[in-house]
Amino acid sequence: MKDTWRWREEREGTVVADLNAAGVRNVQQFVAQGDVYQYLSVLGKTSSVHHTETDRYDTQSWVCPVRGQQVTVSTHIHYRLILGMVGYPVRRLKGTDELLHSGYDIFQVKEPGSGTRKGYLIDWETSSAVDSEGHSLDSNRTGTWKFMSSKVLSKPEQPHTLEDDMESLLYVVLYCALLYLPHNLDDESLEVVIQRLFDQSVDIDGELRGGFGKIANRAGCTLTGRIKFANPDLQKWLDDAMNLHGRLGVPSAQSSLIWRVPENLDKLWRDFFATQTLTSGDRVENALPDPPTFRNKPESSLVTFVPPPRPASSTKRPVEGEAEVKKAHTLKRQRAEPENLRRSDRLRSRSGPSVAPPTKRKKNWREP
177 MKDTWRWREE REGTVVADLN AAGVRNVQQF VAQGDVYQYL SVLGKTSSVH HTETDRYDTQ
237 SWVCPVRGQQ VTVSTHIHYR LILGMVGYPV RRLKGTDELL HSGYDIFQVK EPGSGTRKGY
297 LIDWETSSAV DSEGHSLDSN RTGTWKFMSS KVLSKPEQPH TLEDDMESLL YVVLYCALLY
357 LPHNLDDESL EVVIQRLFDQ SVDIDGELRG GFGKIANRAG CTLTGRIKFA NPDLQKWLDD
417 AMNLHGRLGV PSAQSSLIWR VPENLDKLWR DFFATQTLTS GDRVENALPD PPTFRNKPES
477 SLVTFVPPPR PASSTKRPVE GEAEVKKAHT LKRQRAEPEN LRRSDRLRSR SGPSVAPPTK
537 RKKNWREP
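Quick note, this note's numbering runs 176 ahead of the 1-based positions in the sequence shown.
Written out as structure tokens, the structure reads:
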């Protein structure tokens, strides 16, 4: 069962049920869905759906902007979805064989009886319908930041397309290979490649953009060209897929036309499996440091606001008379606004003066 908060427009279970009815492969089986109701303690009254109310206040004058932009929040409804299959995340892969086969399951169902675990797509609430030209009808940028295509990250105003999802699949395979399969990079070099290729971002006019490392790598393999994987079959697949995505010496417009056709990537994968015998059980745990630059990177297109650090107190000595003026202002402010104190402080103030506890500086951090 998936317990989450959904947008008002469409339920994920409805999308999954439609995919099941259409016979789409490698999708979980829909079982049931429903919104969570907010039951009242008074009998006989109608219960309302459990939903958020933050959006009621996002236009208030006291709401702080984020990066100079007004915050816009949508209503979310408490929602539960039951699916007929529960699997492991791709990071639980056992080796090269499972990594490449689970990726290919997006294009073609596996033959029955195979010992390799099967991959399937989840989180269909982030999917979008497309128009006649294959462009997403959703103008919002959604997905996992690390794996978004270079175009979606650098030009979010442009519509999301199928080739963007194909590029994301390529980055999922590369990222998992860097973390869980043997290669020649040391810990420091691995950190640099991960940061520049998957985590790099810059704030431009209040909007987060990225993908610049991916653009440079597509043009000249500036980041992946020096990576050598211990498994030659994995190395061949990555080299062939990278060349299909952006061949050296081929104009970008021509290369984009080649990548735009899904059958080209499908043929590459089918031909590869027909000629290569993949290794299983070659998983390793490559150490990846977790510096603040990684911890503060968003896992999705929704960027969590991190308050700026509190400015350090000034060490400048006050000029004569300055301390007395500041003290007077402070006393005046305390007399004018006594109710702004916490309740515990107000109670203490009624029983006499008290010594204020030492203040603690807040640290800006978030979980990876």
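Glycine residues also receive a C-beta, built at the ideal position from the N, C-alpha and C atoms.
Since the model is a prediction, treat every value here as computed from it, not as a measurement.
With respect to the alpha helix (DSSP H) encompassing HIS277, which residues constitute its N-terminal and C-terminal limits?
272-280
Buried or exposed: where does GLU287 fall if 16 or more other Cβ atoms within 10 Å of its Cβ makes it buried?
Because the pLDDT of GLU287 is 41, which lies under 50, any placement of that residue in the model is unreliable, and the number read from its coordinates should be weighed accordingly. It is exposed - the Cβ of GLU287 has fewer than 16 other Cβ atoms within 10 Å.
Candidates THR337, SER325 and GLY199, of which the one nearest VAL306 by Cα
THR337
ARG182 and GLU333 closer than 8 Å at C-beta:
no
Helix, strand or coil for SER312 per DSSP?
strand
Around the C-beta of GLY389, are 16 or more other C-beta atoms found within 10 angstroms, so that it is buried, or is it exposed?
buried
Look at the alpha carbon of MET177 and the alpha carbon of LEU259, and state the distance between them as a whole number of angstroms.
7 Å
How is ASP379 classed by DSSP in three states: helix, strand or coil?
strand
For the beta strand (DSSP E) containing ALA208, name the first residue and the last one.
206-211
So, using beta-carbon positions, are LEU275 and ALA353 closer together than 8 Å?
yes
Measure the alpha-carbon distance for ASP381 versus ASP281 and round it to whole angstroms.
40 Å
Contact with chain D by VAL306, beta-carbon distance below 8 Å
Considering every chain present, this structure includes no chain D. It has just one protein chain.
Do the stretch 221-240 and the stretch 260-268 make contact, defined as three or more Cβ pairs closer than 8 Å?
no
I'd like the list of long-range same chain contacts for LEU454, defined as Cβ closer than 6 Å, with 5 residues on each side in sequence excluded.
THR272, ASP273 and ASP409
How about ASP194 and ARG256: are their beta carbons less than 8 Å apart?
no
Between the CA atoms of VAL239 and TYR296 - distance to the nearest angstrom:
41 Å
Exposed unless 16 or more other CB atoms sit within 10 angstroms - verdict on SER326:
buried
As a quick exercise: from LEU313, SER308 and GLY279, pick the residue whose alpha carbon is nearest that of PHE448.
GLY279
With which residues is GLY386 paired in a DSSP beta bridge?
SER377
Identify the continuous beta strand (DSSP E) that holds TRP445 and give its terminal residues.
Where TRP445 is concerned, there is no enclosing beta strand (DSSP E), although the alpha helix (DSSP H) it sits in stretches over 438-451.
Hey, how far is the Cα of ARG243 from the Cα of ARG201?
42 Å
Can you tell me whether GLU364 is buried or exposed? The criterion is at least 16 other CB atoms within 10 Å of its CB, across all chains shown.
exposed
Give the DSSP-derived three-state secondary structure of GLY396 in the structure shown.
helix
By DSSP, does GLU188 sit in helix, in strand, or in coil?
helix
CB-CB length for THR228 against THR251, believed under 8 Å
6 Å
CA-to-CA distance, LEU414 to ASN472, given in whole angstroms:
Residue placement at ASN472 is poorly supported in this model, since its pLDDT is 44, which falls under 50; the coordinates are not used for a value here.
DSSP has VAL225 in a bridge; who is on the other side?
TYR213
May I ask you to report which of helix, strand or coil DSSP gives GLU500?
The predicted model places GLU500 with a pLDDT of 42, which falls under 50 and marks its position as unreliable, so this point remains unresolved.
Return the CA-CA distance between THR400 and ASN419, expressed in angstroms with no decimal places.
12 Å
On the DSSP letters alone, give me the boundaries of the alpha helix (DSSP H) that TYR558 sits inside.
In the structure displayed, the chain extends from 177 to 544; residue 558 sits before or after that span and is not available.
Whole-Å CB distance - LEU355 paired with ALA417, under 8 Å assumed:
Incorrect: roughly 18 Å between the Cβ atoms, too far for contact.
Cα-Cα separation between VAL368 and ILE298, rounded to whole angstroms
30 Å
Can you give me the C-alpha to C-alpha distance between VAL192 and GLN205, rounded to a whole angstrom?
7 Å
Let me check one thing: in DSSP terms, what residues is TYR255 bridge-paired to?
THR180 and ASP211
Span of the alpha helix (DSSP H) holding LEU464?
Element bounds for LEU464: n/a, residue is neither H nor E.
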